[in-house]
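Some notes on the structure that comes next.
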Amino acid sequence: MTAVYTWDVFSTLDGYGSYTEDADWGGYWSKQGPELLAHRASLFDPEPRMVFGATTFRETAEIMTSGIDPLSLDEWNVRTMRAPATVISSTLTDTLGWPDATIVSGDAVDIVTRLKTESDVPLRSPASLSLNWALMAAGLVDRLQVTIFPVVSGRTGTSPILGGADDFDLELLESRTLDGGTLEVVYRPTLRS
-7 MTAVYTWDVF STLDGYGSYT EDADWGGYWS KQGPELLAHR ASLFDPEPRM
43 VFGATTFRET AEIMTSGIDP LSLDEWNVRT MRAPATVISS TLTDTLGWPD
93 ATIVSGDAVD IVTRLKTESD VPLRSPASLS LNWALMAAGL VDRLQVTIFP
143 VVSGRTGTSP ILGGADDFDL ELLESRTLDG GTLEVVYRPT LRS
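Counting with my numbering, you get residues -7 to 185 for the letters of the sequence shown.
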């Protein structure tokens, strides 16, 4: 059986995945609510194997291992940190304090192809934009899950989530509104030839 691979990405309505350091948005663009946080935690039942590119892994590990009180983290962030992780990187040699991380060097398409055939649990990749653009182009992303926060960050937005992707047709698999304004859509991407 092949494990399902989900690329999970946060975005503004205008397609940005993050914002400049001088922007005063706050985490989740200050739009998190109880439905969003509960739903995010539920995505870890069953616990997936996380798949990271080097940049997203560094950023996430820095936050998760910074010494902040674990009780102050959202439950889904705690579950992320507890999940086993595969980090695809040719530059990292250290797991940066991540409890159950493995660093693998090599071709991302080959690595994820192997993971999909060997894993007994779903695979979930947060952000890791360039990694997932390549995996989508190779037909390895089964589900593109985009959480769209109700903001436009045209002046302060950075990292267009699909800015480096090829052309894809998207089949809508699921959609939901959380906390009355945040939209989650899940698509099956198919490369346009």
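Ideal Cβ positions, reconstructed from N, Cα and C, are used throughout, including at glycine. Just so we're clear, the structure is a prediction, and the values are computed from it rather than from any experiment.
- Membership of residue 136 in the beta strand (DSSP E) is indicated by the continuous run 135 to 141.
- As summarised for the region 3 to 87, the continuous alpha helix (DSSP H) elements at least 4 residues long and confined to that stretch are 26 to 34, 46 to 56, 67 to 74, given in chain order.
- Around the C-beta of residue 106, fewer than 16 other C-beta atoms lie within 10 Å, and the residue is accordingly described as exposed.
- Counting along the chain, residue 150 sits inside the beta strand (DSSP E) bounded by residues 149 to 152.
- Using a C-beta cut-off of 8 Å, the region 43 to 50 makes contact with the region 74 to 90, since at least three inter-stretch Cβ pairs fall below that distance.
- Judged by DSSP in its simplified three-state form, residue 90 adopts coil rather than helix or strand.
- The beta carbon of residue 11 sits closer than 7 Å to those of 17, 145, 148, 149, 150, all from its chain and outside the five residues before and after it, given in chain order.
- Residue 71 is classed as buried because its beta carbon has at least 16 other beta carbons within 10 Å across all chains shown.
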